[in-house]
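J.: One structure follows; several queries about it will come next.
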Amino acid sequence: MNEESEGIESESSGPVLSLMEARVLGCLMEKEATTPDLYPLSLNSLVNACNQKSNRSPVMAVDEEPVTAAIELLRGKHLLTLFSGANARAIKYRHRFPEIWPIEPAAQAMLCELILRGPQTAAGLRGNCERLAAVPDLADFEELLSDLAARPGGALVQKLPRQAGQKESRWAAALVEGAEQLVVSEGKSGGAFSADTPALRASVGVELKLPAMAKARIASLEAEVAELRAELAQLRDSLGG
0 MNEESEGIES ESSGPVLSLM EARVLGCLME KEATTPDLYP LSLNSLVNAC NQKSNRSPVM
60 AVDEEPVTAA IELLRGKHLL TLFSGANARA IKYRHRFPEI WPIEPAAQAM LCELILRGPQ
120 TAAGLRGNCE RLAAVPDLAD FEELLSDLAA RPGGALVQKL PRQAGQKESR WAAALVEGAE
180 QLVVSEGKSG GAFSADTPAL RASVGVELKL PAMAKARIAS LEAEVAELRA ELAQLRDSLG
240 G
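Listed below in structure tokens is the structure:
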């Protein structure tokens, strides 16, 4: 385990991500798999991904402020980093999930779908994961879920108690605050859930109190990148390139 992962792993006995942080991280994981040519994502693309109506539960309607705040919190947890290529017009963002939790692609797809869609049955989750990675048959898929729930370093998923009227148990991401309180709606693809719980309302509220600090940090970083690009352009001119 590397030094950067130790802080996250030490918290693995409980949730480490708020709802907003989870949405940002999940979107980056998803877009890396589904639209690799457009990855890493700019802030605008990341906001659009967070507000996407398909493959999301709950559906959000957020602006740049809570997303920027979540970015800063994820950076502090070493789960997100900035990317600025030579031809990039704006700062972009990429996730570091496999560096912190090195698990196989199918398992990462499981976490991504649980983060973005909420609790799901094993069969429903397997079907949703097929767009992100090659997945094993249902028996092996369920075994992989059990392995993630019993990880020596801390559970990444949890099996929720079966509710009245449900034929099968649901699985949830153990990393997300309030996951055990999410209300699964029967008959909806992917398992939609209600965010009308104190834990989730508080989670979003914390993010909304941080925008001034986060925006100042982003502005500072953008200024630094612009300065570095200008210096690079001057160097190229002096070299005749």
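Under numbering that gives the first Met the number 0, think of the first position of the sequence shown as 0, with each following residue one higher. In this text, a Cβ means the ideal position worked out from N, Cα and C, and glycines have one as well.
Look up valine 156 in the DSSP assignment and say whether it is helix, strand or coil.
T.: Looking at valine 156 - three-state DSSP - the assignment turns out to be strand.
J.: Arginine 88 lies in the alpha helix (DSSP H); which residues open and close that run?
T.: Where arginine 88 is concerned, there is no enclosing alpha helix (DSSP H), given that its DSSP letter is neither H nor E.
J.: If you draw a straight line from the alpha carbon of alanine 105 to that of leucine 137, how long is it in whole angstroms?
T.: Whole-angstrom Cα-Cα distance: 12 Å.
J.: Would the stretch 106-126 and the stretch 150-157 be scored as touching if the rule is three or more Cβ pairs under 8 Å?
T.: Verdict: yes, contact present.
J.: Grab the span of the beta strand (DSSP E) containing glycine 80 for me, first residue to last.
T.: For the sequence presented, residue 80 should be read as threonine rather than glycine. Counting along the chain, the beta strand (DSSP E) containing threonine 80 begins and ends at 79-82.
J.: Quick one, which of Ala149, Leu81, Gly123, Leu115 has its alpha-carbon nearest glutamate 223's?
T.: Checking every option, the nearest Cα to that of glutamate 223 belongs to Leu81.
J.: Could you tell me the boundaries of the alpha helix (DSSP H) in which alanine 21 lies?
T.: Alanine 21 -> alpha helix (DSSP H) spans 18-33.
J.: So, helix, strand or coil for glutamine 162, using DSSP?
T.: Residue state, collapsed to three classes: coil.
J.: What residue ranges within the stretch 88-125 form continuous beta strand (DSSP E) runs of no fewer than 3 residues, ordered along the chain?
T.: Segments of the beta strand (DSSP E) lying fully in the stretch 88-125: 91-94.
J.: Tell me which same chain residues have a C-beta within less than 7 Å of the C-beta of phenylalanine 140, skipping the five on either side of it?
T.: Around phenylalanine 140: Ala121, Arg125, Val134.
J.: Name the residue from Ala89, Arg93, Ser83 whose alpha carbon lies nearest to the alpha carbon of arginine 74.
T.: Of Ala89, Arg93, Ser83, the residue nearest in Cα terms is Arg93.
J.: Would you mind sorting arginine 235 into buried or exposed? The rule is 16 or more other CB atoms within 10 Å of its CB.
T.: Per the 10 Å Cβ criterion, exposed.
J.: Among Leu40, Val58, Ala148, which has the Cα closest to the Cα of alanine 171?
T.: When only C-alpha atoms are compared, the closest one is Ala148.
J.: If we call anything under 9 Å between Cβ atoms a contact, is serine 168 one with leucine 174?
T.: Their beta carbons are not under 9 Å apart, which means serine 168 does not touch leucine 174 by this criterion.
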